[in-house]
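Working notes for the structure below.
Protein chains: 2
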Amino acid sequence: MPPATPTPARVLAHPGREAIRLETVLHALADPMRLCIVRFLAGRGDAGATCSDIELVVSKSTGTHHYRVLREAGVINQVYRGTAKINTLRRADLDALFPGLLGSVLAADAAQLGREG
Amino acid sequence: MPPATPTPARVLAHPGREAIRLETVLHALADPMRLCIVRFLAGRGDAGATCSDIELVVSKSTGTHHYRVLREAGVINQVYRGTAKINTLRRADLDALFPGLLGSVLAADAAQLGREG
DNA sequence: TTCGTAGTACGATGATTGTCAAATAAGGAC
DNA sequence: GTCCTTATTTGACAATCATCGTACTACGAA
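Same order as they appear, the protein sequences are chains A and B. Heads up, the first sequence is in the UniProt record's numbering, so the first residue is 1 and it goes up one at a time. Heads up, the second sequence is in the UniProt record's numbering, so the first residue is 1 and it goes up one at a time.
Shown next as structure tokens:
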């Protein structure tokens with residue numbers, strides 16, 4: 001049975017809501033790999049997904065790098081659950097800070113995907 | 001009197017609407033200097049502004065660089081008028097491709113500015 | 001033609017970035 | 001305990017980026 005809370009060493013640092021910066025969020029979203037992660041997480045809602053649920057065409061360490069960029073930008077939340085790491089979108093925080101932003105980025109991404117694949 | 005159309009050598013290349021990519025737009029917006037330019041242009045509407053209308057705290061060549069990034073991303077339009085260059089936001093194109101995106105970025109920027117200055 | 005203004009082009013530089021492979025750590029199943 | 005799975009860390013690399021100063025071009029005015 002996985003422990004209710006991870007050991008202290010495995011608690012990841014997240015920026016508080018007030019520390020989230022627009023430029024940093026935009027930078028985090030301005031990468032195809034990371035946009036792919038965000039798109040996937042958006043489709044999972046509160047359930048979230050592990051890192052390996054999302055098929056990235058890059059090495060594992062590159063994947064780790066992208067997840068960290070998203071987490072440090074305040075776009076996603078990451079918590080350990082056993083050996084896995086559950087990723088969820090920080091929708092509430094982003095919507096509170098930047099109303100409509102995440103939604104329009106996701107819609108724009110979907111539209112672009114629809115146009116060209 | 002400035003000519004109605006610039007000499008051929010001074011016509012700048014802009015991406016067509018269909019060539020505008022979301023990641024590129026987000027990357028272009030993910031810089032404080034460029035966000036500053038976009039914010040200023042948004043307040044000018046169709047009138048646009050010359051490069052020197054906007055006070056950037058960087059050297060002229062750095063300014064030129066940022067304008068080019070925005071133009072090549074499809075965020076702004078640049079046309080010569082005499083020695084000056086008129087910059088305008090490509091609102092229609094961006095709204096057609098990514099409805100609501102530019103608006104929510106501008107709103108997010110304004111909100112963040114209101115919170116911290 | 002001479003001058004001033006608006007902006008570009010050309011390096012150069014230091015910082016950041018995206019990528020990988022190899023070694024490591026933590027947790028769960030046996 | 002011994003594995004297997006999951007993911008991190010480290011160190012390296014090439015590419016991109018933001019910045020600058022200097023030299024340059026184009027246009028308009030005097």
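We put the beta carbon where it would ideally sit given N, CA and C, even for glycine.
(request) Report yes or no: is there a C-beta of chain B within less than 9 angstroms of the C-beta of residue 114 of chain A? (result) no
(message) Please state whether the Cβ-Cβ distance between residue 26 of chain B and residue 75 of chain A is less than 9 angstroms.
(response) no
(request) Give the residues of chain B in contact with residue 105 of chain A, contact being defined as C-beta atoms less than 7 angstroms apart. (result) 101
(request) Rounded to whole angstroms, what's the CA-CA distance from residue 71 of chain A to residue 35 of chain A? Just pull it up for me. (result) 13 angstroms
(message) Less than 8 angstroms between C-beta atoms, sequence neighbours within five positions excluded: which residues of the same chain meet that for residue 2 of chain B?
(response) Here the model assigns residue 2 of chain B a pLDDT of 46, short of 50, so the residue's position is not dependable and the matter cannot be decided.
(request) Find the residues of chain B that neighbour residue 35 of chain A, judging by a C-beta separation of less than 7 angstroms, and give them in chain order. (result) 23
(message) Could you compute how far the alpha carbon of residue 84 of chain B sits from the alpha carbon of residue 14 of chain A?
(response) 46 angstroms
(message) Residues in the same chain with beta-carbon distance under 6 angstroms from residue 102 of chain A, minus the five sequence neighbours each way, listed in chain order, please.
(response) 94
(request) Determine the DSSP secondary structure at residue 44 of chain B, reduced to helix, strand or coil. (result) coil
(request) With a 10 Å radius around its C-beta and 16 neighbouring C-beta atoms as the bar for buried, classify residue 41 of chain A as buried or exposed. (result) buried
(request) Could you work out which residues of chain A lie near residue 27 of chain B, taking near to mean beta carbons separated by less than 7 angstroms? (result) 30
(message) Give me the residue from A:12, A:11, A:23 with the minimum Cα distance to residue 112 of chain B.
(response) A:23
(message) Let's see if you can read the secondary structure: which residues bound the beta strand (DSSP E) around residue 79 of chain A?
(response) 76 to 81
(request) Going by DSSP, name the residue or residues bridged to residue 89 of chain B. (result) B:76
(request) Using the Cα positions of residue 20 of chain B and residue 97 of chain A, report the straight-line distance between them to the nearest angstrom. (result) 27 angstroms
(request) Give the single residue among B:68, B:10, B:91 whose Cα lies nearest to the Cα of residue 33 of chain B. (result) B:68
(message) Nearest by alpha-carbon distance to residue 73 of chain A: which of A:11, A:107, A:18 is it?
(response) A:18
(request) Determine whether the Cβ of residue 111 of chain B lies closer than 9 angstroms to any Cβ atom of chain A. (result) yes
(request) Answer with yes or no whether the minimum CB distance from residue 40 of chain A to chain B is below 9 angstroms. (result) no
(request) Using a Cβ-Cβ cut-off of less than 8 angstroms, list which residues of the segment 86 to 98 of chain A approach chain B; keep chain order. (result) 97, 98
(request) Give the range of the alpha helix (DSSP H) segment to which residue 108 of chain B is assigned. (result) 101 to 116
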